[in-house]
Amino acid sequence: MLEHGYAHHIQRLMVLGNFALLAEVEPIQLSHWFWAGFVDAYEWVELPNVAGMALYADDTFTTKPYAASASYVNKMSDYCKGCRYAVSKRTGENACPFNFLFWNFMARHRERLSDNFRLKMLYKTWDRWDDEERDTIRAQAAAFLDELEPAEQGWSFEDDAC
56 MLEHGYAHHI QRLMVLGNFA LLAEVEPIQL SHWFWAGFVD AYEWVELPNV AGMALYADDT
116 FTTKPYAASA SYVNKMSDYC KGCRYAVSKR TGENACPFNF LFWNFMARHR ERLSDNFRLK
176 MLYKTWDRWD DEERDTIRAQ AAAFLDELEP AEQGWSFEDD AC
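Under this note's numbering, think of the first position of the sequence shown as 56, with each following residue one higher.
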């Protein structure tokens with residue numbers, strides 16, 4: 056992306072957008088980042104894709120969030136080959152962050168999402184786990200998110216205008 060100012064839609068939606076959704080990045084911040092980083096990020100198409108699809112900020116655009124665990128990223132790409140994280144581990148040492156972030160996101164937004172017919176089986180899976188497993192997922196996600204550092208000022212074109 057940095058070299059060419061371009062990324063395939065799977066990279067944008069299911070890797071960058073998915074991570075931003077799971078980390079609960081503000082939609083306008085991700086939009087600014089895409090505008091600054093992609094040569095084809097025209098506002099008329101980029102903003103609906105980021106806000107409506109990637110970050111589910113407008114739940115009238117898609118029927119469910121484009122949230123995914125490591126398993127889906129692994130199925131749709133070759134990014135997991137050689138990665139130190141284990142695609143199949145939800146928690147623990149070397150668990151892929153996409154796994155515990157995914158389940159944490161779904162748990163945090165259960166009230167909003169649980170009536171969605173496309174997510175019913177997902178919540179049945181969550182409900183089968185004991186409290187210890189669910190608490191571990193939440194704790195590992197919180198610890199991971201706490202380690203993220205905000206971008207420094209000056210990274211976007213908007214900072215130049217201020």
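Every residue, glycine too, gets a C-beta built ideally from N, C-alpha and C.
For clarity, every value in this text was computed on a predicted model and none was experimentally measured.
Rounded to whole angstroms, what is the Cα-Cα separation between residue i and residue j?
| i | j | result |
| --- | --- | --- |
| G107 | R139 | 32 angstroms |
| C151 | L203 | 15 angstroms |
| S143 | E81 | 28 angstroms |
| T180 | E187 | 15 angstroms |
| N104 | F116 | 9 angstroms |
Assign residue i to one of three DSSP states: helix, strand, or coil.
| i | result |
| --- | --- |
| A112 | coil |
| A141 | strand |
| V150 | A quick correction: the sequence has Ala, not Val, at residue 150. In the structure shown, A150 sits in a strand (DSSP, three-state: E or B). |
| W158 | helix |
| V80 | coil |
| W99 | helix |
I believe residue i touches residue j by the beta-carbon criterion, under 8 angstroms. Please report the beta-carbon distance rounded to the nearest angstrom.
| i | j | result |
| --- | --- | --- |
| G60 | V94 | 4 angstroms |
| A62 | M69 | Contact doesn't hold; Cβ gap of about 11 angstroms is too wide. |
| A122 | N159 | Not quite, the Cβ-Cβ distance comes to about 10 angstroms (not below 8 angstroms), so this is no contact. |
| R183 | A162 | About 13 angstroms; that fails the 8 angstroms criterion. |
| Y111 | L76 | 6 angstroms |
Which same chain residues, not among the five before or five after residue i, have their C-beta less than 7 angstroms away from its C-beta?
| i | result |
| --- | --- |
| N149 | R139, Y140, A141 |
| D113 | A106, G107 |
| L200 | A78 |
| L177 | M161 |
| S132 | I65 |
In chain order, what residues of the same chain have a beta carbon less than 6 angstroms from the beta carbon of residue i, not counting five sequence neighbours either side?
| i | result |
| --- | --- |
| Q195 | T146, F155 |
| L168 | L174 |
Below 8 angstroms CB to CB, which residues in the same chain sit around residue i once its five sequence neighbours on both sides are set aside?
| i | result |
| --- | --- |
| H64 | none |
| Y127 | M69 |
| L102 | S86 |
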